[in-house]
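Student: Residue numbers (UniProt numbering): 1 to 389.
All C-beta atoms, glycine included, are put in the ideal place defined by N, C-alpha and C.
What follows is a structure written as structure tokens; I'll ask about it next.
In structure tokens:
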């Protein structure tokens, strides 16, 4: 039995016959772009009538002309047909067109299952994501090294031609004020609370063994070696690092940096070096203030909750607060400050021409700066352990 699905004024025909329980769709006539629209209804009707149990053969032998649009229509038919389907009667020209359209012309059954396609797609996207992030990290590392090189070279130029740096020193003093002086209140407050909490929790746990006095030793070592510089660096990264990115980014959006270059002023001497050196100078000083504030907070808590007088607290603290412990923490500060400044400069000069880019760069700067601070602290901890400090 032969059923004609579509027969218009066009010579294009999709006809269906049944041979031994297998449907055979014979495609005839011209399947070029000008005629395809006339049989689209027949294609849709055939697809809608199909079931998953159908087994069909598509015979292409009687097609007289075909182009990529016709091949696309056949591909659409084979992909949307619910049953199993196989192509036959294909000429060399058709095989070439099907190859161009990226379809296996021999068998629809060889297509991957949706689950396999999904799994492969997830793996492929994950691979490309990791590769993209790896290349971006390598590129960022080179940019940061370039900024570090510019700062170091400017230090050398400062000693050689100090009269050329009349813009550097006022900018340095101004940045020290913004980074260091204005950050003192929040650093003191947070460190005071942190020191009090560490002392209270340490003494509470040690009180189970009647060893509250050792909470002072714990506070001394932990604050001076780790918590003081780490917490201060994190706050500086979130406060000053983001401010630097916002400042440099706003200047770039408003084309102020281009104006500075146009009038012949060195942006490294005026913008980059003062901010990085201000961080390097300010962070150790802020760390000292943070340690002092934390010690005061701890002494008050120990006295209030465990009746240990201030004289006993500071006598015990003095026995453990050696210069080695003090400088073990302070020596990390310049390295952390340098990392914060370099990341902030990289992100600031990477701002695009819109405010969305500025917000993204500020967020990236804070995250990367804090990550770098923690990594540097971890590396110092490994180094100190290796040399027995």
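1. Could you tell me the alpha carbon to alpha carbon distance between residue 373 and residue 72, rounded to whole angstroms?
2. What residue from 330, 375, 311 has the CA that sits closest to residue 221's CA?
3. Going by the beta-carbon positions, is the gap between residue 60 and residue 90 smaller than 8 Å?
4. So is residue 290 buried or exposed if we call it buried at 16+ other beta carbons inside 10 Å?
5. Which first and last residues belong to the alpha helix (DSSP H) in which residue 84 is found?
6. Is residue 424 near residue 150, with beta carbons less than 8 Å apart?
7. Beta-carbon within less than 7 Å of residue 346's beta-carbon, same chain only, minus the 5 sequence neighbours each way: which residues are those?
8. Measure the beta-carbon distance from residue 339 to residue 311 and round it to whole angstroms, keeping in mind my assumption that it falls under 8 Å.
9. Find the nearest neighbour of residue 189 within the set 35, 224, 305, 286, judged by alpha-carbon distance.
10. Identify the continuous beta strand (DSSP E) that holds residue 30 and give its terminal residues.
11. Cβ atoms of residue 223 and residue 333: under 8 Å apart, would you say?
12. Can you tell me the Cα-Cα spacing of residue 128 and residue 85, whole angstroms?
13. If I measure Cβ to Cβ from residue 161 and keep anything under 7 Å in the same chain, skipping five residues before and after, which residues do I get?
14. Look at residue 251 and residue 257 and say whether their C-beta atoms are less than 8 Å apart.
15. Taking its Cβ as the centre, do 16 or more other Cβ atoms sit within 10 Å of residue 80, making it buried, or is it exposed?
16. Output needed for residue 308: all residues of its chain with C-beta closer than 8 Å, excluding positions within five of it in sequence on either side, in chain order.
17. Can you give me the Cβ contacts of residue 206 inside the same chain, cut-off strictly under 6 Å, excluding the 5 residues immediately before and after it?
18. Please state whether DSSP places residue 91 in a helix, a strand or coil.
19. From this set, 260, 321, 177, which residue's C-alpha is nearest residue 275's C-alpha?
20. Tell me where the alpha helix (DSSP H) around residue 65 begins and ends.
21. State the start and end residues of the unbroken alpha helix (DSSP H) segment that holds residue 307.
22. So what does DSSP say about residue 55, is it helix, strand or coil?
23. With a threshold of 16 other CB atoms inside 10 Å of the CB of residue 242, please say whether the residue is buried or exposed.
24. Could you give the first and the last residue of the continuous alpha helix (DSSP H) run that contains residue 385?
25. Return the CA-CA distance between residue 348 and residue 191, expressed in angstroms with no decimal places.
26. Let's test the definition: count the other Cβ atoms within 10 Å of the Cβ of residue 254 and tell me whether it reaches 16, buried, or not, exposed.
27. Using a threshold of 8 Å, state whether the C-beta atoms of residue 196 and residue 315 are closer than that.
28. Output needed for residue 382: all residues of its chain with C-beta closer than 8 Å, excluding positions within five of it in sequence on either side, in chain order.
29. My guess is that residue 273 and residue 168 are in contact by the Cβ rule of under 8 Å, so how many angstroms apart are they, rounded?
30. In terms of residue numbering, what span does the alpha helix (DSSP H) encompassing residue 248 cover?
31. How many angstroms separate the CA atom of residue 117 from the CA atom of residue 218?
32. From which residue to which residue does the alpha helix (DSSP H) around residue 392 run?
33. What whole-angstrom Cβ distance do residue 270 and residue 153 have, given they're in contact under 8 Å?
34. Counting along the chain, where does the alpha helix (DSSP H) carrying residue 272 start and finish?
Tutor: Taking the coordinates as given:
1. Going by the C-alpha atoms only, they are around 56 Å apart.
2. 330
3. yes
4. Counting Cβ neighbours within 10 Å, residue 290 comes out buried, since at least 16 surround it.
5. Unbroken run through residue 84 is the beta strand (DSSP E), 84-88; no alpha helix (DSSP H).
6. Outside the modelled stretch of the chain, which goes from 1 to 389, sits residue 424, for which no answer is possible.
7. 140, 143, 144, 147
8. Rounded to the nearest angstrom, the Cβ distance from residue 339 to residue 311 is 40 Å, too far for a contact under 8 Å.
9. 286
10. 22-31
11. no
12. 34 Å
13. Here the set comprises nothing.
14. yes
15. Residue environment analysis places residue 80 among the exposed positions, since fewer than 16 neighbouring C-beta atoms fall within 10 angstroms of its C-beta.
16. Excluding residues within five positions, the ones whose Cβ falls inside 8 Å are 212, 213, 216, 302.
17. 212, 214, 215
18. The answer is coil: DSSP assigns residue 91 none of H, G, I, E or B.
19. 177
20. Unbroken run through residue 65 is the beta strand (DSSP E), 63-66; no alpha helix (DSSP H).
21. It is not in any alpha helix (DSSP H) - residue 307 carries neither H nor E in the DSSP assignment.
22. strand
23. buried
24. 355-387
25. Each residue's Cα considered, the two are about 29 Å apart.
26. Exposed is the call here.
27. Contact flag unset, no.
28. none
29. 6 Å
30. Residues 242-253.
31. In this prediction, residue 117 scores a pLDDT of 48, lower than 50, which makes its location untrustworthy; the coordinate-derived value is nonetheless stated afterwards. Approximately 56 Å, taken between the alpha carbons.
32. The question about residue 392 has no answer, for the chain in this structure spans 1 to 389.
33. That belief does not hold up - the Cβ atoms of residue 270 and residue 153 are roughly 15 Å apart, past 8 Å.
34. From DSSP, residue 272 is part of no alpha helix (DSSP H); its letter is neither H nor E.
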